[in-house]
RNA sequence: GGCCUCAUCGUCUAGUCUGGUCUAGGACACACGGUUCUCAUCCGUGGAACUCGGGUUCAAAUCCCGAUGAGGCCA
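Numbering (the numbering used here), first residue to last: 24 to 483.
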């Protein structure tokens with residue numbers, strides 16, 4: 024069978040992590056089977072759909088490297104197709120116009136719930152040829168609707184509980200369940216892989232496929248991505264847009280890798296996978312049934328792993344956008360060295376400015392910070408003076424980490440911290456930072472001496 | 001409320017289909033220790049889970065039933 028999958032987001036919000044994960048699984052499955060993966064924008068809800076959201080979805084998928092085949096399909100461009108199918112259904116008496124008002128329907132629903140019935144509307148106006156009102160499916164199916172879910176096995180529904188479900192607001196305004204069925208069939212989607220929240224839509228869609236004589240796709244319902252409180256991931260759990268992760272300085276490959284492992288695993292102990300490896304290994308029967316919490320901490324770890332693996336030049340390019348404070352041209356040349364120092368310390372690129380600001384401007388810190396263990400001011404000052412005198416003798420081309428380390432350690436006492444801690448703080452102004460030799464190599468001789476002097480001055 | 005889905009360390013999960021090799025494995029996080037000052041990296045050590053109750057069986061995390069819990073959809 025020719026494998027063809029799709030992701031069908033509505034442009035009513037930014038690209039959601041849940042949507043991205045579904046897209047990812049569809050992509051992985053299609054590519055694993057040398058099939059196609061397409062993007063269909065479900066923009067029939069004119070009120071809520073916006074072009075900027077479509078742009079965001081497109082940008083987000085591209086950023087993640089979830090590439091679709093062919094052109095983007097938009098439901099708004101397929102209205103004629105829906106109309107044709109709707110007319111057929113109407114003509115064959117399988118659909119009808121429902122004259123009931125929203126108020127009447129609400130009333131009916133209320134009664135049903137009160138009497139512990141499943142809320143549904145089975146219309147008493149099925150036979151009438153009205154020509155306006157909501158178009159509904161005439162549902163008089165009696166036999167159980169069954170389908171085999173690739174992840175969950177056989178699932179059954181009682182069709183009587185569905186009622187005469189709605190298909191369209193009018194001939195040119197199709198509703199979700201109807202449009203999806205027409206699209207998936209006419210676009211020859213072989214596998215519908217989507218979130219678990221769509222399981223309950225499936226029987227309606229199957230009934231429609233049967234009524235229209237359309238090919239039924241293979242269904243696979245993915246477990247949901249959950250927030251900390253185990254409910255479906257949503258805005259109140261914090262960042263849910265892929266764009267937010269980009270802005271925080273997560274690398275697309277890291278997010279890609281992390282999302283792939285949410286609800287799926289290869290059955291081996293490896294955790295870091297390239298896109299290629301994931302395509303090669305992905306299989307639908309290793310997908311979980313249970314929902315998975317989006318664990319930010321683990322994402323951070325994985326992102327750190329990817330940052331460390333990244334070639335320095337590329338990392339520098341990616342990092343440039345994260346500095347809010349102005350960096351002069353002369354400072355730009357040391358950016359590469361600075362980032363090299365921070366590379367093993369980073370979890371995400373947004374940490375960069377705060378971690379590296381002291382390379383670009385004079386540090387501000389409390390004199391207390393210069394003190395290591397029980398040192399008094401005099402010993403701190405002595406240490407700094409020693410450091411300065413060593414530095415003054417170093418030739419400009421001797422300002423390398425290796426050379427400085429050799430010179431300083433030769434002069435350091437038994438407790439190296441007495442020399443190294445005050446020196447490091449004088450240079451960085453920070454409690455946590457790279458080592459003093461690395462910093463001096465980047466800063467250069469003059470600037471290093473300047474900062475040591477500033478520290479000595481603070482002690483007076 | 002009705003229907004549907006799910007259930008192993010705090011979290012992601014392996015193991016479940018094809019019962020024994022599981023005194024339940026890995027990773028993240030956490031704690032402790034090591035790696036020429038701090039942090040990070042790297043390395044090591046540790047604590048930490050089969051939701052509960054029945055049943056089947058010589059044997060159940062694994063099969064069956066029930067309960068409970070969690071989630072989803074429907075308005």
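For glycine and all other residues, C-beta sits at the position ideal for the given N, C-alpha and C.
- When the alpha-carbon of residue 383 is set against those of 403, 84, 359 and 444, the nearest one is in 359.
- For the set 414, 456 and 312, the Cα lying nearest the Cα of residue 380 is the one of 456.
- Residues of the same chain with a CB within less than 7 Å of the CB of residue 153, apart from the 5 flanking positions on each side, are 120 and 122 in chain order.
- For residue 178, DSSP records a beta bridge to 170.
- Here DSSP, grouped into helix, strand and coil, assigns residue 264 to strand.
- Boundaries of the beta strand (DSSP E) around residue 214: 214-218.
- If you draw a straight line from the Cα of residue 402 to the Cα of residue 473, it is about 19 Å long.
- Taking every protein chain shown into account, the CB of residue 168 has 16 or more other CB atoms within 10 angstroms, so this residue is buried.
- Contact between the stretch 290-310 and the stretch 64-74 is absent, with fewer than three C-beta pairs closer than 8 Å.
- Here residue 303 carries a helix assignment [DSSP, helix/strand/coil].
- Residue environment analysis places residue 79 among the buried positions, since at least 16 neighbouring C-beta atoms fall within 10 angstroms of its C-beta.
- In this structure, DSSP gives residue 205 a helical state, which the three-state scheme calls helix.
- Of the residues 209, 443 and 144, the one whose Cα lies closest to the Cα of residue 103 is 209.
- Here residue 352 is exposed, its C-beta having fewer than 16 other C-beta atoms within 10 Å.
- Excluding five sequence positions before and after residue 132, the CB atoms of its chain that fall closer than 7 Å to its own CB belong to 142, given in chain order.
- Here residue 192 carries a strand assignment [DSSP, helix/strand/coil].
- Taking a cut-off of 8 Å on C-beta distances, the stretch 47-66 touches the stretch 90-102, as three or more cross pairs fall below it.
- Inter-residue distance for residue 105 and residue 158 is about 12 Å (C-alpha atoms, whole angstroms).
- Residue 42 has no beta-bridge partner at all, per DSSP.
- DSSP places residue 273 in no beta strand (DSSP E); its state is neither H nor E.
- For residue 108, the enclosing alpha helix (DSSP H) has its first and last residue at 102-114.
- Put simply, of 264, 202, 451 and 173 the residue whose alpha carbon is nearest the alpha carbon of residue 37 is 264.
- Listed as beta-bridge partners of residue 28 by DSSP are 60.
- When Cβ pairs closer than 8 Å are counted between the two stretches, the stretch 363-376 is seen not to touch the stretch 398-416, the count staying below three.
- If you look at residue 462, you'll find it in the alpha helix (DSSP H) that goes 459-466.
- Between the C-alpha atoms of residue 337 and residue 44 there is a straight-line separation of about 26 Å.
- A distance of 8 Å or more separates the beta carbons of residue 430 and residue 448.
- For residue 257 and residue 315, the gap between their C-alpha atoms comes out near 14 Å.
- For residue 96, the secondary structure class from DSSP, reduced to helix, strand or coil, is strand.
- Counting of Cβ neighbours within 10 angstroms places residue 134 among the exposed residues, the total staying below 16.
- Residue 437 counts as exposed, since fewer than 16 other C-beta atoms from the protein chains shown sit within 10 angstroms of its C-beta.
- By the criterion of a C-beta distance shorter than 6 Å, residue 171 is surrounded in its chain by 177, once the five residues flanking it on both sides are discounted.
- Taking C-alpha positions only, residue 395 is separated from residue 444 by approximately 6 Å.
- Nearest C-alpha to residue 73 among 253, 179, 99 and 201: 99.
- Inclusion of residue 432 and residue 463 in the CB contact set at 8 Å is not warranted, their separation being larger than that value.
- Excluding the 5 residues flanking it on each side, residue 341 has same chain C-beta neighbours closer than 7 Å at 372, in chain order.
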